[in-house]
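J.: Below you'll find the structure I mean.
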Amino acid sequence: MLLREYRERAVFSLEHLAEISGVSDRTISDIERSVSTAPQRRTLLALVAALNLTESERDEFLRAARLGKVTTGSGGRSASLEPRRLPDFTGRTSEIAQLLAFLDARTATGRTVAPVAVVHGAPGMGKTALAVEALHRRASNPSVAFFVDLNGLDAIPLTPLQVLQALLKQALPPGRLIPKALDAAASLWREVSRNSPAAVLLDNAASEAQVRPVLTTGHKGAVVVTSRRSLAGLEGVRRFPLGPLPPSDGEAFLAEMLALDQGNESLRELATLCDHIPLALRIAGNRLASQPSWTVRDFVDRLTSEERRLRALVAGDLAVEAAFSLSYAHLTGEHQRLFRNLSLLKGTSFSAPLAGAAMGAGSYGAVDVEEGLDELVDLGLVQALTGNRYRLHDLLRLYAAGRLRAEASTQETAALRAHLRSWLLSSTVSAGNWFEPHPVAGIICSTPGTAFASSAKARQWLQSETSDWFGAYHDAVSMGEHEKVVKVAESLHWFAGIWESWGQWHRLFTDSVSSAAALGDKARLSAHLGYLSFAFNNERKDHQRALETAHLALDAATEADDPAYQGWAYLYIALSQRGLERIPEAMTSADRAISLFEAVGEIEGQAPALMLKGSIHQLWGQLDTAVDVATGLLALTRSSQMPPNVADFIEFYTLQLLCGSLHSLQRYEECLEVAGEALAVAEEMEWHLGRASALYHRGKTYDALNRREQAAEDLSHALRQAAYAGDVRLESAIREMADGVKERL
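If you're matching positions, the sequence shown starts at 696 in the numbering used here and goes up one per residue.
This is how it looks when you write it as structure tokens:
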């Protein structure tokens, strides 16, 4: 074999080639010594990718590998050798039921065209195993009559003629002449398959062209096609996408293989580390079964290291990495680069613009990125989600990261990371500025980020790409980029009041306080201590710590001799005191904040301070006064020159305050009107949490008026909006109210 020659030319040891290819060193050694004369195609392509062979070298290598094989002349295993039905097949109950229902229903209708199902998905998902299992479970003709491996991932897949020839060899008596022309073979297949109930399994299809000649009028049996691609060009077929197993099925799969009780914690961890991918689960089970001295915990510990995980998921000639390499080898150079660079992203899902940012400075257009992602989706390397988002499953992410380490220099990767971090931080400030009364000015990074057409788009981006922008923020913190850290936090502090349920604001502002302190600006430090106090109050409900932090903010503002920041510090002190139910002190602090804001003409501070004062009156039981404060604040907000983004925010919460006070005063009709106004503001803002809160208040008021059906309808809508917003506390309160209304209906 040429393998040793290519390996030595690359100056690779057996162990190093095994590490970067995912093929075990024993298998590589067996191929080099001709002990293994028929290595699997996926093994060969994994070696081709690792050795970085040219196209001509690849073809020569694959031709040489085929010389020792008994084949049909098309490469790979015998085209008509049906895969074994797995005796321990587990899971996929829903998928098999849907597939059988489709095949049997279409067969029973007497249609003149056979039902055609395309089972497609990422490498290692068990497409072939599922197809074989489903066909064997059919009530009618429970078997696979004709099977052809189309060698879809080989360098030279079967041609349409070779596919028909393989079928005809199985369908015709021995010795019957097989046509050597496509038209003649297609004609004979139509004749042979007419009125036949035999099922056909076409495995591992590369393209629609391989399949079309098999789909004939008159064939009564089912046709099942498996492919890593969706074969979108085939018409009149039903597609069955396969993803990872549900967690319970993944655990059951391992429990069945290892004769263990399901529910074992180590078993659950192992299934998770295998990403619930059937191939990975089978390999893990085989490894454990072949090592009696290992416990499940032993193997889990081996897989915990991300860099070792793929190398450990090898059993004999089965390897997760080799399966991934087959799809990777079929990508163009640019699409391979796109796939590799996706490993730089930290979120569980991503958008096309974020993927484009991972490609580096100016190297990829938006259209090119979307086309590249479509190709990755078609080959099963990336999963398409709703809302124009994508997901890279964990094991594929590790594989992509491995290819990035192997194929990009340290300097290239560092430049990519820096560009991505810069783009994310710029985009975060751009999004956060939509909610700021005074947008953060200046260029935060050399790389411009994405722009947003509305506050709703900005909010959606901040909530969807949280893992990535927050990761970039932490990188800036760890690198001591204090000015960037402070500016990002400053662009987000009003947004924090809109998305209180995130749960990480206290961490973000803790870091920004440290950076502000490092910059030595006391006024700025006071501002960030105030943001942190707000997070302790509203997010953590740690009012004592919030109070202590707010007093530090006041000290810094006093040292800076800045009355505006002193006003904000008193506002946060009052907020903390209200949380501690120190009502008289809270009222005094709120009044002090209002006076300071009035003195410097800071309406953006005066309005929330007045709103806080109204809520203190409400908590104190002074409901009429709370109504008066809220009514006056609404007039101030609607008549002021306050920026619309802040005015909407203040108006909404003031309407909520007014609605709550009116409800407590049993002025229900007025409360309904105010709740409707709040809902209109939330609709204008396209704000799920605002909609949920307004609908909750209106539903609660309808219930008080014994208008239970309207209450139930509002609360049902409120539940959905709270779920979209991800606010667990509000969702729980709404559900409790909705359950009570249902009982009273």
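In this text, a Cβ means the ideal position worked out from N, Cα and C, and glycines have one as well.
1) Quick one: complete beta strand (DSSP E) runs, 3+ long, within the segment 838-909?
2) Strictly by DSSP, which residues pair up with A975?
3) Taking the alpha-carbon positions, what's the R1451 to N1401 distance?
4) Ignore the nearest five residues each way along the sequence and tell me which others in E1379's own chain have a CB closer than 8 Å to its CB.
5) Select from R779, R833 and A800 the residue whose C-alpha is nearest the C-alpha of T823.
6) Name, in chain order, the residues that DSSP records as bridge partners for A1079.
7) With A1245 and S1228 assumed to form a contact (beta carbons below 8 Å), what rounded beta-carbon distance in angstroms separates them?
8) Measuring straight from C-alpha to C-alpha, what distance separates D1422 and E1001?
9) If I follow the unbroken alpha helix (DSSP H) through A1387, where does it start and stop?
10) Report the rounded CA-to-CA distance for L844 versus A1096, giving the unit in angstroms.
11) Are the beta-carbon atoms belonging to A893 and G913 less than 8 Å from one another?
12) With a threshold of 7 Å, establish whether the CB of A1126 neighbours any heavy atom of the ligand COA.
13) Based on DSSP bridge pairs, tell me the residues matched to P987.
14) List the residues that DSSP assigns as beta-bridge partners of S1228.
15) DSSP beta-bridge partners for H815?
16) Once the 5 residues before and after L1331 are set aside, which same chain residues still bring their CB inside 7 Å of it?
17) N1233 and E1195 - do their beta-carbons sit closer together than 8 Å?
18) Give me the Cβ distance between A1050 and L1037, rounded to the nearest whole Å; I'm assuming they're in contact under 8 Å.
19) I'd like to know whether the C-beta atoms of S1159 and V1180 end up nearer to each other than 8 Å.
20) Report the three-state DSSP secondary structure of T749 (helix, strand or coil).
21) So with Cβ pairs under 8 Å, would you call D849 a contact of chain C?
22) Quick one: Cα of P1132 to Cα of G1296, how far?
23) Does the beta-carbon of M1498 have 16 or more other beta-carbons within 10 angstroms, so that it is buried, or is it exposed?
24) Closer than 8 Å by C-beta to M1432: which residues in its own chain qualify, once you throw out the five before and the five after it? Chain order, please.
25) By alpha-carbon positions, which one of Q1272, P936, L1021 and S1162 ends up nearest to L739?
26) With A826 and L896 assumed to form a contact (beta carbons below 8 Å), what rounded beta-carbon distance in angstroms separates them?
27) What does DSSP give as the partner residue(s) for F1496 in the beta ladder?
28) If you run the structure through DSSP and keep just helix, strand and coil, what is L1099?
29) Would you decide whether R1154 is buried or exposed? Buried here means 16 or more other CB atoms lie within 10 Å of its CB.
30) Work out the CA separation of T1123 and L1157 for me, nearest whole Å.
31) Go ahead and pull the three-state DSSP assignment for T967.
32) Excluding sequence positions up to five away, which residues of its chain have a Cβ less than 6 Å from the Cβ of Y701?
33) Under the rule that 16 or more other beta-carbon atoms within 10 Å means buried, what is V706, buried or exposed?
34) What do you reckon, are the CB atoms on A1481 and K1437 nearer than 8 Å?
35) Report the rounded CA-to-CA distance for A1230 versus H1201, giving the unit in angstroms.
36) Where does L1220 sit, in a helix, a strand or coil, going by DSSP?
T.: Let's see:
1) Runs found: 841-844 and 895-898.
2) BP columns for A975 are empty, so no partner.
3) The question about residue 1451 has no answer, for the chain in this structure spans 696 to 1440.
4) Same-chain partners within the cutoff: D1343.
5) Cα-wise, what sits closest to T823 is R779.
6) Beta bridge pairing from DSSP links A1079 with Y1085.
7) So it is a contact: roughly 4 Å between Cβ atoms.
8) C-alpha separation (whole angstroms): 32 Å.
9) DSSP places A1387 in the uninterrupted alpha helix (DSSP H) bounded by H1383 to A1399.
10) Reading the sequence as shown, one finds Asp at residue 844 and not Leu. Cα-Cα distance, rounded: 31 Å.
11) Taking a C-beta distance under 8 Å as the contact criterion, A893 and G913 do not qualify as a contact pair.
12) This structure simply doesn't include the ligand COA, nor any ligand for that matter.
13) P987 is not bridged to any residue.
14) For S1228, DSSP records no beta bridge to any residue.
15) BP columns for H815 point to S922 and P936.
16) A1302, listed in sequence order.
17) Against a cut-off of 8 Å, the Cβ pair of N1233 and E1195 comes out as a contact.
18) 6 Å between Cβ atoms; contact.
19) No; because the gap between Cβ atoms is not below 8 Å, this pair is not in contact.
20) Three-state DSSP puts T749 in coil, outside helix and strand.
21) Reference to chain C is not applicable here, since this structure consists of a single protein chain.
22) So the alpha carbons of these two residues sit roughly 14 Å apart.
23) Lying before the first or after the last residue shown, residue 1498 is absent from the chain, which here runs from 696 to 1440.
24) Cβ neighbours of M1432 beyond the five flanking positions: Y1391, G1394, K1395, D1398 and L1410.
25) Of Q1272, P936, L1021 and S1162, the smallest CA-CA separation from L739 is found for L1021.
26) L896 and A826 do touch by the CB rule: their CB atoms are close to 6 Å apart, below 8 Å.
27) Because residue 1496 is not part of the residues shown, which for the chain are 696 to 1440, the question remains open.
28) DSSP places L1099 in helix when its eight states are reduced to three.
29) R1154 sits buried, since 16 or more C-beta atoms from the chains shown fall within 10 Å of its C-beta.
30) If you take the alpha carbons of L1157 and T1123, they lie about 7 Å apart.
31) Helix, per DSSP.
32) Excluding residues up to 5 positions away in sequence, L746 lie with their Cβ nearer than 6 Å to the Cβ of Y701 in the same chain.
33) Exposed, because fewer than 16 other Cβ atoms sit within 10 Å of the Cβ of V706.
34) Residue numbering for the chain in the displayed model covers 696 to 1440; residue 1481 lies beyond these limits and cannot be assessed.
35) A direct Cα-Cα distance of roughly 5 Å separates A1230 from H1201.
36) If DSSP states are grouped into helix, strand and coil, L1220 belongs with the helices.
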